[in-house]
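Quick note on the numbering used here: the sequence shown kicks off at 5 and runs consecutively. Virtual Cβ for every residue (Gly too), placed ideally from N, Cα, C. Working notes, beginning with the structure itself.
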Amino acid sequence: VRDAHGTWLTVKIPIAAKEVTARVWRAQVGRVAVYLLDSDFADNSPMDRDITHRLYGGDESLRIRQEMILGMGGVRTLRALGLAPAVWHVNEGHAAFLIFELLRENLARGLDFNAALELAAAACVFTTHTPVAAGHDAFRDDLFASCFADFAKSLGVPVERLLQLGLAPDVPNWFNMTRLALAGSRYVNGVSRIHGGVSAQLCADRWPEVSAAENPVGYVTNGVHVPTFLAQSWHAFFDSHIGPEWRERLSDSSYWQALEAVPDEIFWEVAQNTKARMLAGVRERLRREFARKSLSAAQLRHVTRLLDPEQPDVLTLGFARRFATYKRAGLLLRDRARLARLINGSQRPVLFLFAGKAHPADQPGQQVLREIKQLMLTPEFAGNVVFLEDYDMQLGRWLVSGVDVWLNNPIAPLEASGTSGIKAAINGRLNLSILDGWWAEGFDGSNGWGIPPGQAQDPERRDALDSELILDTLESEVVPLYYERGGAGLSHEWVHYCKRAMMTVIPQFNMRRMVADYARGMYRPAAAHGAALLANEAAGARDLARWKQSVVRAWPGVTLRGLSDAPRELAHAGRLQLRVAVALNGLTPTDVAVEFRGQRLLPRGGHELPPLCSFDHEQDSDTWRATLTATGETDSDGSQIYALDSPPPSAGQFSTEVRIRPTHAL
């Protein structure tokens, strides 16, 4: 990227007691420009040149410098390019230092620290992807202080004020990037319904006054870009059999019902041709690997005997992803004798294709990888269990489009989303997966197999139960269904499952739906919020910051007192009437909302799949919410009187509460 004078565009990022310079590159990916920051050139010291050399590896001192360049340098780069985002999306905590840069800009407007933070946070969206506390980046407070001391001085604030934004109550002396993102964002989400709930629990002490179920962490379930991850053979098939407009109707569930009318034989032929190309590619990779390692041709023939593109009728399961420990790549290896019996049937053989990489620091993950690799060369598993080295995007594309069954067996609820399974399903492949992440929302009983996660507290017992249940499902359902071949040489019921996978997953888990959910539930509200706080020289941000400080001072003296008891029962079509005395301790009625909340104790039974986004949905009839209004009366002690007159949403037994919370238009 060059500036108006033809000079290579650079930005400077203050790190410790010096500035690191980063050059800006642009990669044009279709219609999208991706900007990259590079510290490896002569303007920097040898140590600083290494900052952007590699993503993984190095110590926390390198990692914090990388994240300073990403977050602070990222904002400075967009400013230098003349781009002015209405919303800043912090995608995982790695980029959260952008909040500090926005804070710096707002302080330069003349705002005080609290108002500057409110203005920055209003326009920030934070998506967390990691359901494990240990997976969130954190840095020792002394390392943080050494990196940010000069930056804090330039802001005119003590470095401890910045440090406070990243501290977690139960982990002193560590600056946590997720905590910074939570402090500097007003819109927060996980990437599936289950993950949103897990994240709300993980972050609950950020909002200790409310239950985790009601804190601001919502969810938007992930999707994939269908045209990218759909095999080209399916592109041509859709053009011919359901119409070329399919690309514009990805989210139209009724449109995809047309797959039902496609003859099973035609569908199966496309699926098998796609699988044959995958088998040919995998076979060639193995041939090159064996040649590189000088292994024998006889070994190669034995290992690849089921990888025959001319006969792609062997049931093939794929497992390809990061070999993180919680993903349990070796789960089915627990009962090797049973697994050997399952896969070595002469009439119904089973082929497992494994691929993936472990993090350089993940020794347990690397050990599982080695075990599977060794298993590949043992007599009872050679040819039926294949590990593919050098996992990359090309191999990933082949596998998700070509295997018959996609296997995913994480420790629940630690799978944030698991989008590889979505990629398999849009290609008509069936998921055999633990009901976690996206699959807990996508599984409908006829588009794959959902494995209820084991509930045992003991990890060994849990893994044993999950392994046994997956093997049971393979033996009793998956293998018999696949090999239930009729006169046409195919299993019509299997093809029905494959069609159902496409029909249910494509319209729900595509990127168009996901971006629309982000736009409606997060981006548009954040853009409006940011604009409202910025208007009139940021008068809204100043007012909101002052109001929050006044509420914090007054809140310990705010009390609620019931003036009437709630009836134990209401007649049909009756109304609940309550009166409550509220001591506001200097606040005004416009500063607070007094609420009634009821929760049905026996929720209605429902078989509908959950919504894929927690934002902008109607209240359900299992929750009864109503607002008490100020009557204008006062009690003998000066408390304000609030009253409720509300019908229940429906019949049922409800637990109830009355509560008060601060409220402000901004």
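Alpha-carbon spacing of residue i relative to residue j, whole angstroms
{"i": "Tyr677", "j": "Phe658", "result": "Lying outside 5 to 670, the shown extent of the chain, residue 677 is not represented and no answer is given."}
{"i": "Pro50", "j": "Asp42", "result": "13 Å"}
{"i": "Lys16", "j": "Val28", "result": "11 Å"}
{"i": "Phe241", "j": "Val509", "result": "17 Å"}
{"i": "Leu418", "j": "Asp569", "result": "44 Å"}
{"i": "Ala125", "j": "Ala37", "result": "25 Å"}
{"i": "Cys463", "j": "Phe179", "result": "Reading off the sequence, residue 463 comes out as Pro, not Cys. Taking the straight line joining both Cα atoms gives about 31 Å."}
{"i": "Thr382", "j": "Arg374", "result": "13 Å"}
{"i": "Ala2", "j": "Ala235", "result": "The structure shown has nothing for residue 2, since the chain only spans 5 to 670."}
{"i": "Ile19", "j": "Val161", "result": "17 Å"}
{"i": "Asp52", "j": "Gly247", "result": "54 Å"}
{"i": "Met380", "j": "Leu290", "result": "12 Å"}
{"i": "His199", "j": "Glu96", "result": "14 Å"}
{"i": "Gly452", "j": "Pro176", "result": "46 Å"}
{"i": "Asp312", "j": "Ala302", "result": "16 Å"}
{"i": "Ile55", "j": "Met515", "result": "33 Å"}
{"i": "Pro414", "j": "Gly387", "result": "25 Å"}
{"i": "Pro135", "j": "Leu206", "result": "8 Å"}
{"i": "Ser650", "j": "Arg401", "result": "56 Å"}
{"i": "Arg292", "j": "Ala280", "result": "19 Å"}
{"i": "Leu436", "j": "Leu355", "result": "15 Å"}
{"i": "Ala21", "j": "Gly139", "result": "29 Å"}
Among the options, nearest to residue i - alpha-carbon criterion
{"i": "Val562", "options": "Asn388, Thr56, Asp476, Val598", "result": "Val598"}
{"i": "Gln351", "options": "Tyr501, Pro484, Ala120, Thr592", "result": "Pro484"}
{"i": "Gln461", "options": "Gly454, Lys503, Ala416", "result": "Ala416"}
{"i": "Ala224", "options": "Ser300, Gln70, Val482, Phe513", "result": "Before going further, note that residue 224 is Val rather than Ala in the sequence given. Checked all of Ser300, Gln70, Val482, Phe513; the closest Cα to Val224 is Phe513."}
{"i": "Ala324", "options": "Thr592, Gln370, Leu399", "result": "Leu399"}
{"i": "Met518", "options": "Asp317, Ala577, Val230", "result": "Val230"}
{"i": "Leu670", "options": "Pro571, Ala531, Trp559", "result": "Ala531"}
{"i": "Thr633", "options": "Gln581, Ala156, Ala284", "result": "Gln581"}
{"i": "Arg108", "options": "Glu64, Cys128, Asp174, Phe155", "result": "Phe155"}
{"i": "Gly602", "options": "Ser640, Leu591, Gly656, His576", "result": "Gly656"}
{"i": "Ala558", "options": "Gly491, Ala536, Gly590, Leu436", "result": "Gly590"}
{"i": "Asp174", "options": "Ser405, Met506, Pro212, Gln553", "result": "Pro212"}
Residue i and residue j closer than 8 Å at C-beta
{"i": "Arg489", "j": "Ser495", "result": "yes"}
{"i": "Phe619", "j": "Gly86", "result": "no"}
{"i": "Lys361", "j": "Phe327", "result": "yes"}
{"i": "Gly441", "j": "Gly454", "result": "no"}
{"i": "Leu434", "j": "Glu122", "result": "no"}
{"i": "Ser203", "j": "Thr308", "result": "no"}
{"i": "Val214", "j": "Phe130", "result": "no"}
{"i": "Ala492", "j": "Glu252", "result": "no"}
{"i": "Val163", "j": "Ala172", "result": "no"}
Close-in-space but distant-in-sequence residues of the same chain around residue i (CB under 6 Å, 5 per side omitted)
{"i": "Leu169", "result": "Leu184, Ala187"}
{"i": "Val5", "result": "Leu13, Val28, Arg30"}
{"i": "Arg322", "result": "Note that residue 322 corresponds to Gly in the displayed sequence, not to Arg. Closer than 6 Å at Cβ, skipping near neighbours: Leu357, Leu403, Val407, Trp410."}
{"i": "Phe294", "result": "Leu304"}
{"i": "Trp498", "result": "Leu485, Tyr486"}
{"i": "Glu218", "result": "none"}
{"i": "Phe447", "result": "Gly454"}
{"i": "Trp551", "result": "His668"}
Contact with chain C by residue i, beta-carbon distance below 8 Å
{"i": "Glu71", "result": "Checking the listed chains, one finds no chain C in this structure; it contains a single protein chain."}
Beta-carbon contacts of residue i that lie in its chain and below 7 Å, excluding the five residues immediately before and after
{"i": "Val586", "result": "Leu564, Val598, Ser643, Gln644, Tyr646, Ile664"}
{"i": "Met76", "result": "Ile17, Phe101, Leu102, Phe104, Glu105"}
{"i": "Ser237", "result": "Val274, Asn277, Thr278"}
{"i": "Ser450", "result": "Tyr501, Arg504"}
{"i": "Thr81", "result": "Val15, Val28, Tyr39, Leu41"}
{"i": "Gly458", "result": "Arg466, Leu469, Asp470"}
{"i": "Arg583", "result": "Leu567, Ser568, Ile645, Ala647"}
{"i": "Met72", "result": "Ile17, Ile19, Phe101, Cys151"}
{"i": "Arg113", "result": "Ala542"}
Sequence-distant residues of the same chain with beta carbon closer than 8 Å to residue i, five excluded per side
{"i": "Leu475", "result": "Leu336, Asp339, Arg342, Leu343, Leu346"}
{"i": "Val376", "result": "Strictly speaking, residue 376 in this sequence is Ile, with Val absent from that position. So the qualifying residues of the chain are Ala333, Gly334, Leu337, Phe358, Val389, Phe391."}
{"i": "Asp47", "result": "Thr14, Thr25"}
{"i": "Asp366", "result": "Phe327, Ala328, Thr329"}
{"i": "Val228", "result": "Thr423, Ile426, Lys427, Ile430, Phe513, Asn514, Met515"}
Anticipated Cβ contact below 8 Å, residue i with residue j, distance rounded
{"i": "Ser189", "j": "Val318", "result": "Actually they are not in contact, since the Cβ atoms of Ser189 and Val318 sit about 49 Å apart, beyond 8 Å."}
{"i": "Met181", "j": "Asp209", "result": "Actually they are not in contact, since the Cβ atoms of Met181 and Asp209 sit about 16 Å apart, beyond 8 Å."}
{"i": "Ala119", "j": "Gly534", "result": "The Cβ separation is near 13 Å, so there is no contact."}
{"i": "Leu167", "j": "Asp146", "result": "The Cβ separation is near 10 Å, so there is no contact."}
{"i": "Glu445", "j": "Leu616", "result": "6 Å"}
{"i": "Leu115", "j": "Ala539", "result": "Contact flag wrong, Cβ pair sits at about 14 Å."}
{"i": "Arg69", "j": "Phe117", "result": "The Cβ separation is near 25 Å, so there is no contact."}
{"i": "Pro529", "j": "Ser257", "result": "Incorrect: roughly 26 Å between the Cβ atoms, too far for contact."}
{"i": "His681", "j": "Val266", "result": "Only positions 5 to 670 of the chain appear in this structure, which leaves residue 681 out of reach."}
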